[in-house]
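Protein chains in written order, with our numbering: chain P, 1 to 114; chain L, 1001 to 1112.
Written as structure tokens, this is what we have:
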């Protein structure tokens, strides 16, 4: 049972374009939603995270949009660059993330073409 | 600099053998986790620990065990390796306050 569903599985975007990755969840107890970025041969690293008291969080070219009623959240990468090519994982946890017991989505392989 | 290290980075073993993957962190984090990464499945939680002598099962714990005798280390043991356990294994630790996980670089295990 996949508690966090992520789509698409892979994504190709032209340099300068917008990359959008979507995630949906069922467990209404989730209250912490991070995105992790993983480069080949490396472990995932935290990119950006949101809590459900806000509908959007922006850090540089990366934005999380959160829709609590629809139980969905998405990552938007503006002005996508070849250096953004990586695998992106959404995740969710309860207790505001304090337990750190994250449930991950299946990942999206992003390729940004020059 | 504080860090989290995994060893070995690559290992090939045979079905039925016992395998131990090491994880060592120098941040003094109480929380440590083991995930496996498989194409189409993402990262799935195997075991986790919230402190010394504390261990808990994750969603895919069958065939795996962990022990926590100190703050720095959480070794993952496969008692009798199976081909289905061929995967990339990631250890992580975290600060309770921020919710951020810090991952090691992974251990690629092949079971023949």
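Positions of the beta carbon are idealized from the N, C-alpha and C atoms, including for glycine.
Beta-carbon proximity of residue i to residue j, cut-off 7 Å
i: residue 1012 of chain L; j: residue 1104 of chain L; result: no
i: residue 41 of chain P; j: residue 1090 of chain L; result: no
i: residue 109 of chain P; j: residue 7 of chain P; result: no
i: residue 68 of chain P; j: residue 52 of chain P; result: yes
i: residue 3 of chain P; j: residue 103 of chain P; result: yes
i: residue 1099 of chain L; j: residue 1088 of chain L; result: no
i: residue 77 of chain P; j: residue 19 of chain P; result: yes
i: residue 106 of chain P; j: residue 30 of chain P; result: no
i: residue 22 of chain P; j: residue 74 of chain P; result: yes
i: residue 1010 of chain L; j: residue 1108 of chain L; result: yes
i: residue 1061 of chain L; j: residue 1077 of chain L; result: no
i: residue 62 of chain P; j: residue 48 of chain P; result: yes
Residue i, buried or exposed, once every other Cβ within 10 Å from all chains shown has been counted against 16
i: residue 50 of chain P; result: buried
i: residue 1070 of chain L; result: exposed
i: residue 1029 of chain L; result: buried
i: residue 1093 of chain L; result: buried
i: residue 1042 of chain L; result: buried
i: residue 91 of chain P; result: buried
i: residue 1017 of chain L; result: exposed
i: residue 39 of chain P; result: exposed
i: residue 1039 of chain L; result: exposed
i: residue 1019 of chain L; result: buried
i: residue 1037 of chain L; result: buried
Contact set for residue i: own chain, Cβ-Cβ below 8 Å, skip 5 residues either direction
i: residue 1052 of chain L; result: 1068, 1069, 1070, 1071
i: residue 1014 of chain L; result: 1081, 1111, 1112
i: residue 1083 of chain L; result: 1015, 1111, 1112
i: residue 1102 of chain L; result: 1004, 1025, 1027, 1029, 1092, 1093, 1094
beta-carbon residue i near the ligand MN non-hydrogen atom, thresh 6 Å
i: residue 1011 of chain L; result: The ligand content of the structure shown is nil, which means the ligand MN is not present either.
Close beta carbons around residue i, own chain, < 7 Å, minus the five adjacent residues each side
i: residue 12 of chain P; result: 111, 113
i: residue 46 of chain P; result: 34, 36
i: residue 24 of chain P; result: 5, 71, 72
i: residue 60 of chain P; result: none
Cβ shell of residue i (< 6 Å), same chain only, five flanking positions each side left out
i: residue 1086 of chain L; result: 1110, 1111
i: residue 1022 of chain L; result: 1007, 1075
i: residue 17 of chain P; result: 80
i: residue 58 of chain P; result: none
i: residue 55 of chain P; result: 66
i: residue 1032 of chain L; result: 1049, 1074, 1093
i: residue 1034 of chain L; result: 1046, 1047, 1076, 1091
i: residue 87 of chain P; result: 38, 107, 109
Point to revise | Contact between the segment 94 to 110 of chain P and the segment 1042 to 1050 of chain L (3+ Cβ pairs under 8 Å) | key: yes
Exercise for review: Go through the segment 22 to 76 of chain P residue by residue and report every complete run of the beta strand (DSSP E) that reaches 3 residues or more, in order.
Suggested key: 33 to 38, 45 to 50, 56 to 59, 62 to 67
Exercise for review: Give, in chain order, every unbroken run of the beta strand (DSSP E) that is at least 3 residues long and sits entirely within the segment 1023 to 1110 of chain L.
Suggested key: 1031 to 1038, 1042 to 1051, 1054 to 1057, 1064 to 1066, 1076 to 1078, 1087 to 1094, 1101 to 1103
Point to revise | Validate contact between the segment 77 to 84 of chain P and the segment 1053 to 1061 of chain L using beta carbons, cut 8 Å, 3 pairs | key: no
Practice item. Determine which residues of the segment 1010 to 1032 of chain L have a Cβ less than 8 Å from any Cβ of chain A, and write them out in chain order. Key: Although the question refers to chain A, the structure presented lacks it and instead comprises the protein chains P and L.
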